[in-house]
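Single-structure report; data block below.
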Amino acid sequence: MAEGPLALETARILVTNDDGIRAPGLAALERIARTLSDDVWVVAPETEQSATSHSLTLRRPLRARKLEERRYSVDGTPTDCVLVAHRNILSARPPDLVLSGINHGSNLAEDVTYSGTIAAAMEAAILGVRAIAFSQMRPDEGRISWDTAERFAPDIVRQAVAIDWPRDLLLNVNFPPLAPNSVAGVRACRQGRRDAGTTVTEGIDPSGRPYLWIGNFLSDASSDHGTDLAAVMEGAIAVTPLHLDLTHKRSLAGLQEVFG
Ligand code: MN
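Laid out in structure tokens, this is it:
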């Protein structure tokens, strides 16, 4: 069970993601994990599972494929991967730390409710394992770079696991699309709120039938100070503590007056 500071050098680290076993962001996170411990395992989805949220596969069997020593793919969701790793592949000695990502694209504000990257960390938290989700915001132009994540993530992990880690905590880390030397520090943030929302694009498919395609997650750049959105807009790395209790505590007393 996650509690006091974790000794990273002897820690067993599980690396997973939602972009799939072949994703470059997973390879970057594996490199990061190997700078922290020699006991690094990868159990990741066989195919891309972005926006699958915290879904479990219940109505069909799962297949885990051993690709190399300490490296497996599972034909399921990120949540399946963490559960299979914990209960099956690593059952003799479960991981001390789960690192998820690095997602190709940010997971800010209410993205966290759709994200498979964050769901993998949520599953780890349910299993009592410390977990950190990493996401790299896409640049407006050009290819995504993992240099900033590789430069900053090892120290973020070291500093994070040195704290007393309460049960149910997971960390959501987002890197701005900037070169390492241009990053404006690392900030602890609260979860923001996108005011602009998600778009649905209408079109006609090649056989002449109309389609609707969800995508293009827009952000309002004027978001409140202290949020994850504001931090990355200002060029900082956002570290947001999340937990699994979704209770809207401010409403509880009022509802108790109504319902008892
Ligand atoms: Mn993804």
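So the numbering used here is basically just the index in the sequence shown, starting at one, shifted up by 2. Each residue gets a CB set at the ideal place from its N, CA and C atoms; glycine is no exception. Remember, predicted model here, so these are calculated numbers, not experimental data.
Range of the contiguous alpha helix (DSSP H) that encloses Arg61: First-last for Arg61: undefined, no H or E at that position.
Thr119 Cβ short of 7 Å to ligand 1 heavy atom set: yes
Residues bridged to Glu204 [DSSP beta-bridge criterion]: Leu214
Inside the region 59 to 96 only - beta strand (DSSP E) runs reaching at least 3 residues: 66 to 70, 73 to 76
Status (buried if at least 16 other CB within 10 Å, exposed otherwise) for Trp148: It is buried - the Cβ of Trp148 has at least 16 other Cβ atoms within 10 Å.
C-alpha gap between Ile134 and Arg211, whole angstroms: 42 Å
Per-residue burial, Asn183 [other beta carbons within 10 Å of its own, 16 or more giving buried]: exposed
Environment of Gly187 [buried if 16+ CB atoms lie within 10 Å]: exposed
Strand pairing of Gly103, partner residues [DSSP]: Answer is none; Gly103 lacks a bridge partner.
For Gln138: DSSP bridge partner residues: His106, Phe177
Closer than 7 Å: Ser52 CB and nearest ligand 1 heavy atom: yes
Pairwise C-alpha distance: Leu214 and Ala164: 47 Å
Residue of Ala255, Gly22, Leu92, His88 minimising C-alpha distance to His106: In this structure, Gly22 is the residue among Ala255, Gly22, Leu92, His88 with its C-alpha nearest to the C-alpha of His106.
Cα-Cα separation, Thr18 to Pro26: A direct Cα-Cα distance of roughly 12 Å separates Thr18 from Pro26.
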